[in-house]
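Per the working numbering, the very first residue in the sequence shown carries number 120; after that it's consecutive. Where is the CB? At the ideal position from N, CA and C, for every residue including glycine. Just so you know, these numbers come straight off a predicted model, no measurement behind them. Here the structure comes first, spelled out in structure tokens, and everything after it is commentary.
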Amino acid sequence: MDTETAVNWQQDVFDVLKAAGVKHIVYVPDAGHSTAIRLAEADSDIHSVVLTTEEEGIGYLAGAWLGGERGALLMQSSGVGNCINTLALPACARFPLLMVVTMRGDWAEFNQWQNPMGQATEPALKLMGVMTWRADRPEQVRPLLEGAATMAFNGDTACAVLLGQQLIGKKEWVK
120 MDTETAVNWQ QDVFDVLKAA GVKHIVYVPD AGHSTAIRLA EADSDIHSVV LTTEEEGIGY
180 LAGAWLGGER GALLMQSSGV GNCINTLALP ACARFPLLMV VTMRGDWAEF NQWQNPMGQA
240 TEPALKLMGV MTWRADRPEQ VRPLLEGAAT MAFNGDTACA VLLGQQLIGK KEWVK
């Protein structure tokens with residue numbers, strides 16, 4: 120994967136969120152989301168919020184929706200495990216929840232501690248009533264995220280796009 124392709128799909132994440140009318144981007148810092156985070160922080164129309172833990176984002180986005188604004192939660196697959204109980208909120212209250220999840224414990228993972236949750240991410244989300252789609256190639260990101268945003272915001276449902284590790288690139292252990 121060349122650098123320009125990597126930058127394009129990362130730009131696509133931000134562009135799709137912006138076009139969908141997202142006014143709040145909440146996140147736990149993650150290299151896979153760094154472009155969208157940087158662009159959100161620079162955009163005066165978007166309120167970006169750094170979370171201490173991912174499940175805070177679900178409550179924050181519920182409040183944003185009650186206030187008439189759209190939002191999205193950016194996180195790593197390990198953070199999905201932190202959100203399991205809190206995913207009852209959109210299931211019971213029927214508000215839109217749009218999540219973009221960078222995968223760990225996936226192809227070429229070097230850190231064995233990422234594997235259990237990485238392998239359980241999609242099944243766990245589905246068990247909690249979240250509709251999921253997975254992008255493993257740059258050209259898949261925009262259409263999958265556009266579709267997920269449409270379904271979340273027009274159908275008051277929880278949706279997640281999983282960004283596979285092949286898309287993000289092989290991580291290296293830095294010594």
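If you ignore the 5 residues before and after Val-168, its C-beta comes within less than 6 Å of the C-beta of Val-145, all in its own chain and listed in chain order. At least 7 Å separates the beta-carbon of Gly-190 from that of Leu-206.
Taking the C-beta atoms as reference points, Val-220 is found no nearer than 7 Å to Met-247.
Proximity of the stretch 275-282 to the stretch 153-167 falls short of the contact definition, fewer than three beta-carbon pairs being nearer than 8 Å. According to DSSP, Cys-211 shares a beta bridge with no other residue. Straight-line measurement puts the Cα of Cys-202 at about 13 Å from the Cα of Leu-170. Using a Cβ distance threshold of 7 Å, Leu-286 and Ala-254 count as a contacting pair. Each residue's CA atom was taken as its position, placing Ala-159 and Gly-178 some 20 Å apart. In this structure Leu-216 is buried. Its beta-carbon is surrounded by 16 or more other beta-carbon atoms within 10 angstroms. Here the stretch 126-134 makes contact with the stretch 253-271; the two share three or more CB pairs at distances below 8 Å.
Listed in chain order, the alpha helix (DSSP H) elements of length 4 or more contained wholly in the stretch 243-289 are 257-274, 284-287.
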